[in-house]
Amino acid sequence: MRRSEDRILSTHGGNLPRPKDLDELIAQGQAARAAIDERLPHAVREVVDLQIDCGLDTVNDGEYVKAANMSHYSGYIHARVTGWETLPIDPAVPPKREWVAARDKADFPGTYASGLWLMGSGGPIRPGFATPGAVPKMPVSGRVCTSPITYIGQDAIAADIAAMKTALEGREADGFIAALGPLSLGAGARNAHYASEEEYMFAVAEALREEYKAITDAGLILQIDEPEFATTWQFHPTWTVADLRRYLESAVEVINHSVAGLPAEQIRMHTCWGSGHRPHTQDIGLEHIADLLVKVNAQAYAVEASNVRHAHEWRVWEDVKLPEGKILIPGVVGHATDLVEHPQLVAERLVGYAGVIGKENLQAGTDCGMGSRVGHEEIVWAKLRALAEGAAIAGERLRGK
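In terms of the working numbering, the sequence shown opens at residue 482 and continues consecutively.
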């Protein structure tokens, strides 16, 4: 992963807006499978060019493959890893965990009863996304591990890599591919096959390593998408901070098992507090988990940092020392608002981080993926331009110092 002594490099969280014609094909489902597969590599080239035009240094495929598989950031992987079945939920058996806003709901019962929290993904509620008075339906089925966890996505990841590498030819940019983390894939499902939860989660990690290795073997940067590192606190509303930390210590072992033998300099870890349109007052503070996060065997750590619940947490790094040679990628542009950040604000945020961790250990990022969360694609590209411009301003300021 590139480092720079004289400027601040910029990147983003993953998901980006898709071309209208690709979305129209995706809407047709499997009937348009051949046309989707033909269009996808060209769409990847287009989105790489758009990112470079915005001034970004490290770019990706827009996560188009996830949408092209009629899925979302996590669902795509279920076609690549086997071992689970979707089975009816036994109402007599307590759930393995609560949902992603369990703690928030206790503080804002009226908000959740209104239905206005539904969808929204961190940005403004869109027409049709929420119905006042709506009550979420309890799931009647869930994923259960009933056989050995096995990776079967070799052809799919090879196609992703080929499209990304072709798109980067002749371009002065680094490429990354985001892949789901083992916690986000396995922790929410029940285990009915392995002798223990630990054995089950290590099997999940081992299967994912095959996808991870394909990415790093191709010379690309692997982004491990692991929001559950931060959101697990909400899943278990009865846990204490000590309980969470014990869990995350074991989670670090699982994640490190998934990257065992892979070059850390090609790996970055992304975590966030989930993108739901909700108060987030019960998010776990970064100060409780940052020291565990940096134990993950990656070179860079991308952390949600611009939203109004976490923008102050740059000071956490005054107490938690970033290990030598590591890179922090704080989100200095957010997906929780359609307001476009001023480049001077982006620069101000980056200068604050540089004063704590050093500019050579800093890159500029976004809180999370932007494509499905911000109101219109024009706003996404404006935000990314502001990100790159702000990084350039911060670099100039820091050189002056």
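Quick reminder that beta carbons are idealized off the backbone N, C-alpha and C, glycines included. Quick caveat: nothing in here was measured; it's all calculated off a predicted structure.
- Query: With a CB to CB cut of under 6 angstroms and the five nearest residues on each side skipped, what residues in its chain are close to Gly871?
  - Reply: By one-based count along the sequence shown, residue 871 stands at place 390. Hits under 6 angstroms: Pro824, Val827, Ala828.
- Message: Buried or exposed, going by whether 16 or more other CB atoms sit within 10 Å of the CB of Leu568?
- Response: On the sequence shown, position 87 is the one that residue 568 refers to. With fewer than 16 other beta carbons inside 10 angstroms of its own, Leu568 counts as exposed.
- Task: Count the C-beta pairs between the segment 722-742 and the segment 654-664 that are closer than 8 angstroms, then say yes if the count reaches three, no if not.
- Result: A contact exists between the segment 722-742 and the segment 654-664.
- CB-CB length for Thr627 against Glu566, believed under 8 angstroms: Here residue 627 corresponds to residue number 146 of the sequence shown, with the count starting at 1. Here residue 566 corresponds to residue number 85 of the sequence shown, with the count starting at 1. Right, their Cβ atoms sit about 5 angstroms apart.
- Message: For Lys586, which residues in the same chain have their Cβ closer than 6 angstroms to its Cβ, ignoring the five residues on either side in sequence?
- Response: For the purposes of this step, residue 586 is taken as residue 105 along the sequence shown, with counting starting at 1. Once the five neighbours on either side are set aside, the close Cβ partners of Lys586 are Tyr593.
- When the Cα atoms are used, what is the spatial distance from Ser739 to Gln704? Position 258 of the sequence shown, counting from 1, holds the residue named residue 739. Position 223 of the sequence shown, counting from 1, holds the residue named residue 704. Going from the Cα of Ser739 to the Cα of Gln704 covers about 13 angstroms.
- Going straight from the alpha carbon of Arg727 to that of Ala513, what length do you get? The sequence position of residue 727 within the sequence shown is 246, counting from 1. The sequence position of residue 513 within the sequence shown is 32, counting from 1. Spanning the two alpha carbons is a distance of roughly 47 angstroms.
- Item | Length-filtered (3 minimum) beta strand (DSSP E) runs lying within the segment 641-671 | Correct list: 655-661.
- Query: In its own chain, which residues sit with a C-beta less than 6 angstroms from the C-beta of Val546, not counting the 5 before and 5 after it?
  - Reply: Residue 546 sits at position 65 when you count from the first residue of the sequence shown. Closer than 6 angstroms at Cβ, skipping near neighbours: Asp641.
- Message: Residues in the same chain with beta-carbon distance under 8 angstroms from Ile808, minus the five sequence neighbours each way, listed in chain order, please.
- Response: Looking up residue 808 in the sequence shown gives position 327. Excluding sequence neighbours, Ile808 sits near Met482, Arg484, Arg749, Gln780, Ala781, Tyr782, Asn842, Leu843, Gln844.
- Lys501, buried or exposed, once every other Cβ within 10 Å from all chains shown has been counted against 16: Within the sequence shown, residue 501 is the residue found at index 20, counting from 1. Burial call: exposed.
- Message: So Val797 and Ala835 are supposed to be a Cβ contact under 8 angstroms. How far apart are they, rounded?
- Response: Along the sequence shown, one-based indexing puts residue 797 at 316. Along the sequence shown, one-based indexing puts residue 835 at 354. The Cβ separation is near 15 angstroms, so there is no contact.
- Task: In angstroms with no decimal places, state the Cα-to-Cα distance between Arg526 and Ile874.
- Result: Translated into the one-based positions of the sequence shown, residue 526 becomes position 45. Translated into the one-based positions of the sequence shown, residue 874 becomes position 393. Approximately 28 angstroms between the Cα atoms of the pair.
- Spatial distance of His493 from Gln747 (CA atoms): Against the sequence shown, residue 493 aligns to sequence position 12. Against the sequence shown, residue 747 aligns to sequence position 266. Taking the straight line from one Cα to the other gives about 16 angstroms.
- With distances taken from CA atoms, which of Arg690, Glu519, Gly543, Val837 is nearest Gly656? Within the sequence shown, numbered from 1, the residue matching residue 656 stands at position 175. Sorting Arg690, Glu519, Gly543, Val837 by C-alpha distance to the C-alpha of Gly656 places Gly543 at the top.
- Message: Rounded to the nearest angstrom, what separates Asn510 and Ile517 at their Cα positions?
- Response: Locating residue 510 in the sequence shown gives position 29, counting from the first residue. Locating residue 517 in the sequence shown gives position 36, counting from the first residue. According to the sequence as given, residue 510 is Gly; it is not Asn. Whole-angstrom Cα-Cα distance: 9 angstroms.
- Let me know if Ile489 comes out buried or exposed under the rule of 16 or more other beta-carbons within 10 Å of its beta-carbon. Position 8 of the sequence shown, counted from the start, is the residue given in the question as residue 489. The residue in question, Ile489, is buried, as its Cβ has 16 or more Cβ neighbours within 10 Å.
- Query: How is the beta strand (DSSP E) around Asp706 delimited, first residue to last?
  - Reply: For the purposes of this step, residue 706 is identified with residue 225 of the sequence shown, where counting begins at 1. Looking at the DSSP string, the run of the beta strand (DSSP E) that includes Asp706 is 702-706.
- Message: Using only the alpha-carbon positions, how far apart do Ala786 and His793 sit?
- Response: Sequence index remark: in the sequence shown, residue 786 carries index 305 (1-based). Sequence index remark: in the sequence shown, residue 793 carries index 312 (1-based). Approximately 8 angstroms between the Cα atoms of the pair.
- For Gly890 versus Asp706, is the C-beta spacing smaller than 8 angstroms? Any answer about residue 890 is impossible in this case: the structure gives the chain only from 482 up to 882.
- Message: I'd like to know whether the C-beta of Val540 is nearer than 8 angstroms to at least one C-beta of chain D.
- Response: Of the protein chains in this structure there is only one, and it is not chain D.
- Helix, strand or coil at His674 [DSSP, three-state]: As a first step, residue 674 is located in the sequence shown; it is residue number 193 there, counting from the start. DSSP places His674 in coil when its eight states are reduced to three.
- Task: Please state if the CB of Ala654 and the CB of Asp538 are separated by a distance shorter than 8 angstroms.
- Result: As a first step, residue 538 is located in the sequence shown; it is residue number 57 there, counting from the start. As a first step, residue 654 is located in the sequence shown; it is residue number 173 there, counting from the start. Taking C-beta atoms as the reference points, Asp538 and Ala654 count as a pair closer than 8 angstroms.
- Message: If I follow the unbroken alpha helix (DSSP H) through Arg880, where does it start and stop?
- Response: Sequence index remark: in the sequence shown, residue 880 carries index 399 (1-based). Membership of Arg880 in the alpha helix (DSSP H) is indicated by the continuous run 858-881.
- Keeping to the same chain, check which residues put their C-beta closer than 6 angstroms to that of Arg690; ignore five residues upstream and five downstream. The residue given as residue 690 occupies position 209 in the sequence shown. Excluding residues within five positions, the ones whose Cβ falls inside 6 angstroms are Ser739.
- Query: If you drop the 5 nearest sequence neighbours on each side, which residues of the same chain put their C-beta closer than 7 angstroms to that of Lys840?
  - Reply: Start at 1 with the first residue of the sequence shown, and residue 840 comes out as number 359. Taken in chain order, the residues that qualify are Ile489, Leu879.
- Alpha carbon to alpha carbon, what distance is there between Phe589 and Ala670? Residue 670 sits at position 189 when you count from the first residue of the sequence shown. Residue 589 sits at position 108 when you count from the first residue of the sequence shown. For Ala670 and Phe589, the distance between alpha carbons rounds to 27 angstroms.
- Assign Ala560 to buried or exposed, taking buried as 16 or more other Cβ atoms, counted over all protein chains shown, within 10 Å of its Cβ. If you number the sequence shown from 1, residue 560 lands on position 79. Exposed, by the Cβ-count rule.
- Item | Own chain, CB closer than 6 angstroms to Gly623, minus 5 neighbours either side, in chain order | In the sequence shown, counting from the first residue as 1, residue 623 sits at position 142. So the qualifying residues of the chain are Ile570.
- Item | DSSP state of Cys535 mapped onto helix, strand, coil | Walking along the sequence shown from the start, residue 535 turns up at place 54. Three-state DSSP puts Cys535 in a helix.
- Query: Are the beta-carbon atoms belonging to Gly846 and Pro804 less than 8 angstroms from one another?
  - Reply: The residue given as residue 846 occupies position 365 in the sequence shown. The residue given as residue 804 occupies position 323 in the sequence shown. No; because the gap between Cβ atoms is not below 8 angstroms, this pair is not in contact.
- Buried versus exposed, by CB contacts within 10 Å (16 or more), Ser491: For the purposes of this step, residue 491 is identified with residue 10 of the sequence shown, where counting begins at 1. Classification for Ser491: buried.
- Item | Beta-ladder partner(s) of Pro569, from DSSP | Translated into the one-based positions of the sequence shown, residue 569 becomes position 88. Its beta-bridge partners are Ser622.
- Task: Starting from the Cα of Ala548, find the closest Cα among Gly852, Ile765, Thr719, His674 and give me that residue.
- Result: Counting from one through the sequence shown, the residue named residue 548 turns up at place 67. With distances taken between Cα atoms, Ala548 lies closest to Gly852.
- Query: Does the distance from the C-beta atom of Val966 to that of Leu774 stay below 8 angstroms?
  - Reply: For residue 966 there is no data in the structure shown, the boundaries of the chain being 482 and 882.
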